[in-house]
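Chemist: I'd like to ask some things about the structure below.
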Amino acid sequence: MIGKRNLVFLGAPGAGKGTLAAMLAEQAALPHISTGDIFRAEMKQGTELGRQAQQYVTSGGLVPDQLVAAMVGSRLAQPDCASGFILDGFPRTLPQADLLEQTLTGIGRRLDRVVLFEVTRELLLQRLTARIVCRACGATFNRMFSPPRKPGCCDQCGGELYQRPDDSLATAEERLRVFAEQTAPLVPYYEQRGLLARIDAGADKADSFQALLQVLA
Ligand code: AP5
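In the numbering used here, the protein residues as written are 57 to 273.
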């Protein structure tokens, strides 16, 4: 059982945040809040939020801070977050980190741990460009590291597997550039607050998950 439950997963695109967040969410009964997943769902449904986010998501840029922070703020106020949460992909800028701190203070909460997923650039690009996702249930596979039993077909629900448009090599490289420029400054920010723990997320899923559990003990 983990001791730390109010969590942020920080790491470059393809570091495995979503994969390990899904594993931890199941094991520890925590809500997995992925801002990327929320934007993709809103875009698919054609909502106003999805329309506003579209241009940023497809180009590999970041959605404006206030828009993301408001969305996360209302999600954290939901009853299922009362005993903890996994924030996957938020915050991604220093202003977002400040807005998160204000939101949590406002509801009498604070972060317990920020986990930094460390992976080499070469492996990030291999993972991103080989990732395939189920259109129906969102399960994630990888042509190189964890292929589905039947090509193009989800093991869990039989849905169609597709490549995210932002996983093309050019857009993946742009996302890594944006990470280095806008998100990497969060590492010293959380280090100074004594919240940061690093894990080797370049290992296979089982070993990376064990490393995660150790820093959340
Ligand atoms: P988002 O969806 O959050 O993308 P990301 O941060 O770029 O993260 P990814 O989903 O690409 O990677 P991941 O670390 O979750 O890796 P995964 O587990 O899938 O955001 C998309 C866009 O939304 C952004 O570009 C931006 O426009 C917008 N956005 C989102 N949040 C925002 C915010 N806060 N502010 C502003 N804009 C925001 O793994 C990758 C692959 O590797 C998979 O195929 C997986 O199977 C495989 N894999 C993972 N771990 C392992 C392992 N240990 N061993 C082998 N294979 C592995």
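Every residue, glycine too, gets a C-beta built ideally from N, C-alpha and C. This structure is a prediction, so every number in the text was calculated from the model and none was measured.
#1: Go ahead and pull the three-state DSSP assignment for Ser130.
#2: Evaluate Ile163 with the Cβ neighbour count: other Cβ atoms within 10 Å of its Cβ, from every protein chain shown; 16 or more gives buried, anything less gives exposed.
#3: Confirm, please, whether the CB-CB distance from Lys73 to Asp144 is below 7 Å.
#4: Which term fits Glu98, buried or exposed, when burial requires 16 or more other beta carbons within 10 angstroms of its beta carbon?
#5: If you follow the beta strand (DSSP E) that Val170 is in, where does it begin and where does it stop?
#6: List in chain order: all unbroken beta strand (DSSP E) runs of 3+ residues lying wholly within the region 178-232.
#7: With distances taken from CA atoms, which of Gly92, Leu252 and Ala125 is nearest Gln110?
#8: Alpha carbon to alpha carbon, what distance is there between Asp256 and Gln122?
#9: Looking at the structure shown, is Phe146 part of a helix, part of a strand, or coil, going by DSSP?
#10: In angstroms with no decimal places, state the Cα-to-Cα distance between Ala68 and Glu174.
#11: What first and last residue would you give for the beta strand (DSSP E) that runs through Ala253?
#12: Say yes only if the C-beta of Thr91 is nearer than 6 Å to one or more non-hydrogen atoms of the ligand AP5, and no if none qualify.
#13: State buried or exposed for Ser264, treating a residue as buried only when at least 16 other CB atoms are found within 10 Å of its CB.
#14: Let me confirm a value: Thr227 is counted as buried when at least 16 other C-beta atoms fall within 10 Å, else exposed. Which label applies?
#15: Between Arg183 and the ligand AP5, is there a pair consisting of the residue's CB and a ligand heavy atom that are separated by less than 6 Å?
#16: Excluding the 5 residues preceding and the 5 following Leu76 in the sequence, name in chain order all residues of the same chain whose CB lies nearer than 8 Å to its CB.
#17: Is Ser224 near the ligand AP5, going by C-beta to nearest heavy atom under 6 Å?
Modeler: Taking the coordinates as given:
#1: The sequence position of residue 130 within the sequence shown is 74, counting from 1. Three-state result, Ser130: helix.
#2: Indexing the sequence shown from 1 puts residue 163 at position 107. Flag for Ile163 reads exposed.
#3: On the sequence shown, position 88 is the one that residue 144 refers to. On the sequence shown, position 17 is the one that residue 73 refers to. For Asp144 and Lys73, yes; Cβs fall inside 7 Å.
#4: Reading the sequence shown from its first residue, position 42 is the one you call residue 98. Per the 10 Å Cβ criterion, buried.
#5: Here residue 170 refers to the residue found at position 114 when the sequence shown is read from its first residue. Taken as a continuous stretch (DSSP letters only), the beta strand (DSSP E) holding Val170 covers Arg169 to Glu174.
#6: 187-190 and 196-198
#7: Within the sequence shown, numbered from 1, the residue matching residue 110 stands at position 54. Looking at the Cα atoms, Gly92 is the closest of the given residues.
#8: Locating residue 122 in the sequence shown gives position 66, where the first residue counts as 1. Locating residue 256 in the sequence shown gives position 200, where the first residue counts as 1. Roughly 32 Å separates the two Cα atoms.
#9: By 1-based counting over the sequence shown, the position of residue 146 is 90. DSSP places Phe146 in coil when its eight states are reduced to three.
#10: By one-based count along the sequence shown, residue 68 stands at place 12. By one-based count along the sequence shown, residue 174 stands at place 118. Going from the Cα of Ala68 to the Cα of Glu174 covers about 8 Å.
#11: On the sequence shown, position 197 is the one that residue 253 refers to. Note, Ala253: beta strand (DSSP E), Leu252 to Asp256.
#12: Position 35 of the sequence shown, counted from the first residue, corresponds to residue 91. Checking every heavy atom of the ligand AP5 against the Cβ of Thr91, one is found closer than 6 Å.
#13: Sequence index remark: in the sequence shown, residue 264 carries index 208 (1-based). Burial call: buried.
#14: Taking the sequence shown and counting its residues from 1, one reaches residue 227 at position 171. The residue is buried, with at least 16 neighbouring Cβ atoms inside 10 Å.
#15: Locating residue 183 in the sequence shown gives position 127, where the first residue counts as 1. Checking the Cβ of Arg183 against the ligand AP5 gives yes.
#16: Taking the sequence shown and counting its residues from 1, the one referred to as residue 76 is at position 20. Result list for Leu76: Phe65, Phe173, Ala257, Lys261, Ser264, Phe265 and Leu268, in chain order.
#17: Translated into the one-based positions of the sequence shown, residue 224 becomes position 168. No, the beta carbon of Ser224 sits no closer than 6 Å to any heavy atom of the ligand AP5.
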